[in-house]
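J.:
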Amino acid sequence: MQVRVAAFSKINLLLDVLGKRTDGYHDVNMIMQGVRLSDQVIVAEAATNTITTNSPYVPNNKSNLALKAALLMQAALDLPPVAIKVDKHIPVSAGMAGGSSDAAAVLLAMDRLFALGLRRQQLEAFAAEIGSDVPFCLSAGTAVATGRGELIQDLSLLSPFHLVLVKADFGVPTARVYKAYRKKKKPVAGEDRLDYFLKLIREDDTLGILNSLYNDLEETTFSMYPKVRSIKEKLKHLGARHVLMSGSGPTVFAAFHTEAEAWQFYKKAKAAFPMVYLTSTVSRWDLDRRIGMS
Ligand code: ATP
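To convert, note that position 253 of the sequence shown is 253 in full-length UniProt numbering; the numbers rise steadily by one, no gaps.
Encoded structure:
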């Protein structure tokens, strides 16, 4: 028997850095949004723990977050070994939580494989131990993330919108960006910005949301990696109106109300950049079908 889970990627619609904490992390206010572009994670019972992937860019050992998740659950709950297969489609080190999502998928898969019936809170505790983005990836819909990003509150799922993603041909280590981040005086206080965003989400005001996209880390990443700034500028120049860097970069997304607009823009972006993805935000339909057994 094996369990297959779609490990969705994410973008940040809002990423506001509030300040540095005593443990070295930063407190953040984020609105996270699951994206259909996903890895496929398959977990089966096995004689020993193994991990295989189709990507040369991710480790096939204990430093793979998917295997880390399995080891953590096994140690806490005395579970048997598993064979994990990760079919990667999410670009690596892209600011789209690919590794975190694979780890969350393994937690969900093991819960199902061994019929554990864990509560959401227990899964979230394992997830938070692996990394700040992992708790969000368990639910992968629309959520507010606070603390260092690990405290998740689900929101009503946004009406789907469409995305053209462009990734630079290099990765950006998140820790480097946070280390270089310098607090600046902001025109809108963090709490006000979050409250405003929450109001737009309650009203399902997609256009309002797209007009309010905000990422506090953009300037830091842009000054360290000017190529990321030029991706954003070029996307705007090509005619995209709602453009934002995701997470700490280097992926930049352009958001569109309709699939037709996104498709037209995708063709233009394809001609201008080597790594371009056409996708959309996750819907209830995607979430209902994300776990399967065979
Ligand atoms: P985030 O948005 O959470 O900061 P990211 O999308 O920028 O993450 P990942 O693709 O998760 O970055 O990869 C970050 C690092 O984690 C890479 O160095 C990669 O080798 C390592 N890694 C470990 N396990 C995985 C995995 N299953 N998939 C992708 N990367 C992994």
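Don't be surprised by glycine CBs; every beta carbon is placed ideally from N, CA and C.
1) Whether or not the region 36-43 and the region 130-137 are in contact is what I'm after, with contact meaning three or more pairs of Cβ atoms, one per stretch, closer than 8 angstroms; do they touch?
2) Please name the residue or residues paired with H162 in a DSSP beta bridge.
3) Using only Cβ atoms and a threshold of 5 angstroms, which residues come within that distance of a heavy atom of the ligand ATP? Order them by chain position.
4) Going by DSSP, what residues sit across from N29 in a beta bridge?
5) Note down, in chain order, each residue of its chain lying with its Cβ closer than 6 angstroms to the Cβ of G95, except the 5 sequence neighbours on either side.
6) Would DSSP call D216 helix, strand or coil?
7) In angstroms with no decimal places, state the Cα-to-Cα distance between A105 and V92.
8) Taking just the CA atoms, how far does Q153 sit from K88?
9) For R148, collect the residues of the same chain with a Cβ closer than 6 angstroms to its Cβ; drop the 5 residues on either side in sequence, then sort them by chain order.
10) Using three-state DSSP, classify L37 as helix, strand or coil.
11) Just verifying my parser: in three-state terms, what is the DSSP assignment at E45?
12) What separation, rounded to the nearest whole angstrom, lies between the Cα atoms of M30 and A115?
13) As an exercise, report each continuous alpha helix (DSSP H) stretch of at least 4 residues that is fully enclosed by the region 114-201, in chain order.
14) With a threshold of 7 angstroms (Cβ to nearest heavy atom), would F114 be considered close to the ligand MG?
15) Could you have a look at V86 and say whether DSSP puts it in helix, strand or coil?
16) Since V228 is in the alpha helix (DSSP H), which residue starts that stretch and which ends it?
17) Report the rounded CA-to-CA distance for R182 versus V3, giving the unit in angstroms.
18) Which whole-angstrom value describes the C-beta separation of V41 and A66, a residue pair presumed to lie in contact below a C-beta threshold of 8 angstroms?
19) Can you give me the start and stop residues for the beta strand (DSSP E) that M293 sits inside?
20) Looking at the structure shown, is F8 part of a helix, part of a strand, or coil, going by DSSP?
21) Tell me, please, whether the region 150-168 touches the region 212-220 by the rule of three or more beta-carbon pairs shorter than 8 angstroms.
22) Alpha carbon to alpha carbon, how far is E138 from K167?
23) Could you tell me if G141 is buried or exposed, where buried requires 16 or more neighbouring beta carbons within 10 angstroms of its beta carbon?
24) Measuring CB atoms only, is the region 251-268 touching the region 220-237, in the sense that at least three cross pairs come out at less than 8 angstroms?
25) Any contact between the region 4-13 and the region 118-128? By contact I mean 3 or more CB pairs, one from each, below 8 angstroms.
26) Measuring alpha carbon to alpha carbon, tell me which of S9, K20 and A109 ends up nearest A175.
27) Kindly indicate which three-state DSSP category L244 falls into: helix, strand or coil?
28) If A260 sits next to L278, beta carbons under 8 angstroms apart, how far is it from one beta carbon to the other, in whole angstroms?
29) With DSSP as the reference, label T221 as helix, strand or coil.
T.: Reading it off the structure:
1) no
2) Here residue 162 is taken as the residue at index 162 of the sequence shown, counted from 1. Per DSSP, F256 and S280.
3) V58, N64, L65, A66, V92, S93, A94, G95, M96, A97, G98, G99, S100, D102, D133, T174 and G247
4) Residue 29 sits at position 29 when you count from the first residue of the sequence shown. Looking at the DSSP assignment, N29 forms a beta bridge with D16.
5) On the sequence shown, position 95 is the one that residue 95 refers to. Cβ neighbours of G95 beyond the five flanking positions: S246, G247, S248, G249 and T251.
6) Sequence index remark: in the sequence shown, residue 216 carries index 216 (1-based). Coil at D216, not helix or strand.
7) For the purposes of this step, residue 105 is taken as the residue at position 105 of the sequence shown. For the purposes of this step, residue 92 is taken as the residue at position 92 of the sequence shown. Rounded to the nearest angstrom, the two C-alpha atoms are 16 angstroms apart.
8) In the sequence shown, counting from the first residue as 1, residue 88 sits at position 88. In the sequence shown, counting from the first residue as 1, residue 153 sits at position 153. Each residue's alpha carbon lies about 27 angstroms from the other.
9) Numbered from its first residue, the sequence shown carries residue 148 at position 148. These residues qualify, in order along the chain: Y25 and S132.
10) Counted from its first residue, the sequence shown places residue 37 at position 37. Residue state, collapsed to three classes: strand.
11) Your numbering for residue 45 matches position 45 in the sequence shown. Strand, per DSSP.
12) As a first step, residue 30 must be located in the sequence shown, where it is residue number 30. As a first step, residue 115 must be located in the sequence shown, where it is residue number 115. Going from the Cα of M30 to the Cα of A115 covers about 33 angstroms.
13) 120-130, 134-139 and 174-180
14) This structure does not include the ligand MG; its bound ligands are the ligand ATP.
15) To locate residue 86, count along the sequence shown from 1; it is residue 86. In this structure, V86 counts as strand in the three-state DSSP scheme.
16) Translated into positions along the sequence shown, residue 228 becomes position 228. Here the alpha helix (DSSP H) through V228 covers P226 to H237.
17) Reading the sequence shown from its first residue, position 182 is the one you call residue 182. Reading the sequence shown from its first residue, position 3 is the one you call residue 3. Straight-line Cα distance between these residues: approximately 44 angstroms.
18) Numbered from 1 along the sequence shown, position 41 holds the residue referred to as residue 41. Numbered from 1 along the sequence shown, position 66 holds the residue referred to as residue 66. Between A66 and V41 the Cβ distance is about 6 angstroms, and since that is below 8 angstroms, they are a contact.
19) On the sequence shown, position 293 is the one that residue 293 refers to. Note, M293: beta strand (DSSP E), I291 to M293.
20) Locating residue 8 in the sequence shown gives position 8, counting from the first residue. Strand.
21) no
22) The residue labelled residue 138 in the question sits at position 138 within the sequence shown. The residue labelled residue 167 in the question sits at position 167 within the sequence shown. Per the sequence shown, residue 138 should be read as Leu rather than Glu. About 24 angstroms.
23) On the sequence shown, residue 141 is found 141 positions in, with the first residue counted as 1. Looking at its Cβ environment, which holds 16 or more other Cβ atoms inside 10 Å, G141 is buried.
24) yes
25) no
26) Walking along the sequence shown from the start, residue 175 turns up at place 175. Per the Cα distances, K20.
27) As a position in the sequence shown, residue 244 is number 244, starting the count at 1. L244: strand per DSSP, three-state reduction.
28) Counting from 1 along the sequence shown, the entry for residue 260 is found at position 260. Counting from 1 along the sequence shown, the entry for residue 278 is found at position 278. With a Cβ gap of about 12 angstroms, A260 and L278 do not count as contacting.
29) Counting from 1 along the sequence shown, the entry for residue 221 is found at position 221. T221: helix per DSSP, three-state reduction.
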